[in-house]
Structure formats: structure tokens, C-alpha cells
Amino acid sequence: MADVGKAGAKRPTRTRSQRAGLVFPVTRVQKALKKKIGRSVSGPAALYGAAIIEYLAAEILDLAASVAKDNKTKRVTPRHLVLAIRSDDELDQLCQGTIAGGGVIPHVHRFLMGNKAPATQTPAITNNNIGFTLS
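Read left to right, the sequence shown gives residues 1 to 135 (the UniProt record's numbering).
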């Protein structure tokens, strides 16, 4: 009678994400793929998609956290996300959209900075045909 109860014991259920060691939900990715494509999607395709999304999210958040640390803040803002994405060439090419509240990359063209030399006055423009001088 000591074996009673062991036969009915089940292992705790584990999700596909847990079995693969991922944080992103594989099942939700599969449902989204089915909804977008409109036909059956294999399990490995959903697993691979979830792994790619998780990797990209980790990469972007890692870069954004380092930008936030450089700015001496503890909270990652949309501005930090934009600066992180735009600083990496491959991520910049991948994420070409805009992020709300992210701003732009600070850059002032050299032409707009002006010359450091003292400005000289421009000579007066003379129009001899009309007979007046503009200054």
C-alpha cells in the first residue's frame, strides 16, 4: 500500500519557454505568427522567433542601461533607448522607425557653427542702374 499515490503523481508542467530557457513566450509568438501568416506554423519556427526577439531586446536594453549609467541615472527612458539604438550601426539599420519621446541625436553641422575669426563688415551693395546704395 505504500505505492498508492505515486502512480497518480504528475510532473509539474513546464512551458515551452521554460524548456528552452527563454523569457519570451514561445506560444504567444506562435499565435502571432499564425495570425499574421494565416496557416500553420511549426514549433521550432516559433521557438526561433522568440529567441531572436529575446536576444534583440536584451541587446537594446543592455546598451540603453549603459547609456543611462553614463548619464548617471538609474531609470532607462525612451531617450536612452534612442541613443543606444542610434549609436550601434546594425541596430540603427534594423530599427529605422521613431520612438515616441526619444528626441534626436545631438549633432550640429560645422557650417552652422560659424567662423571663429572676427567678422568683417561686408561692403555696401551699389546698384548703378537705379542710382541708390544699400547698406
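All C-beta atoms in this analysis are idealised placements derived from N, C-alpha and C, irrespective of residue type, glycine included.
Here the structure is a predicted model, which means the values were calculated and not measured.
What number of angstroms, rounded off, separates the C-alpha of residue i from the C-alpha of residue j?
{"i": "L63", "j": "G103", "result": "17 Å"}
{"i": "L81", "j": "S42", "result": "33 Å"}
{"i": "L91", "j": "A51", "result": "17 Å"}
{"i": "A20", "j": "F111", "result": "54 Å"}
{"i": "D70", "j": "T77", "result": "13 Å"}
{"i": "L83", "j": "H109", "result": "18 Å"}
{"i": "R28", "j": "I37", "result": "14 Å"}
{"i": "Q93", "j": "A57", "result": "15 Å"}
{"i": "T98", "j": "H107", "result": "17 Å"}
{"i": "A100", "j": "R11", "result": "45 Å"}
List the endpoints of the continuous alpha helix (DSSP H) containing residue i.
{"i": "A7", "result": "First-last for A7: undefined, no H or E at that position."}
{"i": "A100", "result": "Here A100 belongs to no alpha helix (DSSP H), and DSSP marks it neither H nor E."}
{"i": "V19", "result": "According to the sequence as given, residue 19 is Arg; it is not Val. 16-20 is the span of the alpha helix (DSSP H), which, as asked, contains R19."}
{"i": "S42", "result": "Counting along the chain, S42 falls outside any alpha helix (DSSP H), and DSSP gives it neither H nor E."}
Tell me whether residue i sits in a helix, a strand or coil according to DSSP, three-state version.
{"i": "T77", "result": "coil"}
{"i": "D88", "result": "coil"}
{"i": "V108", "result": "coil"}
{"i": "G114", "result": "coil"}
{"i": "K36", "result": "helix"}
{"i": "T27", "result": "helix"}
{"i": "K72", "result": "coil"}
Does the distance from the CB of residue i to the CB of residue j come in under 8 Å?
{"i": "V23", "j": "E59", "result": "no"}
{"i": "Q30", "j": "A9", "result": "no"}
{"i": "R75", "j": "A68", "result": "yes"}
{"i": "G49", "j": "L33", "result": "yes"}
{"i": "I85", "j": "C95", "result": "yes"}
So, under 8 Å CB-CB, residue i and residue j are touching, yes? Tell me the CB distance rounded to an integer number of Å.
{"i": "V26", "j": "R16", "result": "4 Å"}
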